[in-house]
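In our numbering, the protein residues as written are 579 to 770. The beta-carbon is built from N, C-alpha and C at its ideal position, and this holds for glycine as well.
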């Protein structure tokens, strides 16, 4: 019976599961993001986060412990030289799992797992995000005034459409074509 055993076995034997998670952890450390199934991504998160926590303390013993799990010297070096300094001040939560939908062949849920501090796209959007203040208005009178002020701001911010060079060229070409067709029609009438 599997009472109180929370770890997902992923339909594999223990040795196969350990080898798979070690390989996936190496790929995650080397590439900073991998795409896999949701269940494997969640299992990998539980597997790799303690290793990243251990990598904050760069001692011979901690390197040996991490190597015991990863079994690849290049991955251990990458973890200690690039990943650990970047996550040194973070108290946990080094990875992020984002769902991508389902796989077409077998409808398995697909997700990607990435190291949080290495995702430049998310970091840029978080910095450029604009904060807005929300306040409650107690009386209806103030709400009416606020609505009028918003309408005034919207009309001030209305986009003015000015013709560009391309649109003016297109318009002049269209007018020239109309003139040519009118001239041809006039010539045909005169010929008859």
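Inset, instruction - Look at the Cβ atom of residue 630, then the Cβ atom of residue 691, and state whether they are nearer than 9 Å. - result: no
Inset, instruction - Look at residue 622 and residue 653 and say whether their C-beta atoms are less than 9 Å apart. - result: no
Legend entry - Same chain, Cβ closer than 8 Å to residue 590, neighbours up to 5 away in sequence not counted: The beta carbon of residue 590 lies closer than 8 Å to those of 598 in the same chain, with the five residues before and after it left out.
Inset, instruction - Output the distance between the C-alpha atoms of residue 585 and residue 618, rounded to the nearest integer angstrom. - result: Residue 585 and residue 618 have their alpha carbons spaced roughly 11 Å apart.
Legend entry - Distance, residue 615 Cα to residue 686 Cα: 7 Å
Legend entry - Identity of the residues DSSP links to residue 687 by a beta bridge: 680
Inset, instruction - In angstroms with no decimal places, state the Cα-to-Cα distance between residue 627 and residue 682. - result: 30 Å
Inset, instruction - Could you pull out every unbroken beta strand (DSSP E) segment of at least 3 residues lying fully inside the segment 638–684, listed in chain order? - result: 673–680
Legend entry - residue 693, DSSP secondary structure in three states: strand
Legend entry - DSSP-derived helix/strand/coil call for residue 631: helix
Inset, instruction - Round the Cβ separation of residue 665 and residue 607 to the nearest angstrom and send it over; I've been treating them as touching at under 8 Å. - result: The pair is not a contact, with the Cβ atoms about 12 Å apart (cut-off 8 Å).
Inset, instruction - Please name the residue in 695, 594, 625 whose C-alpha comes closest to that of residue 663. - result: 695
Legend entry - Beta-carbon proximity check, residue 675 vs residue 657, cutoff 9 Å: no
Inset, instruction - Could you give the DSSP three-state label for residue 595: helix, strand or coil? - result: helix
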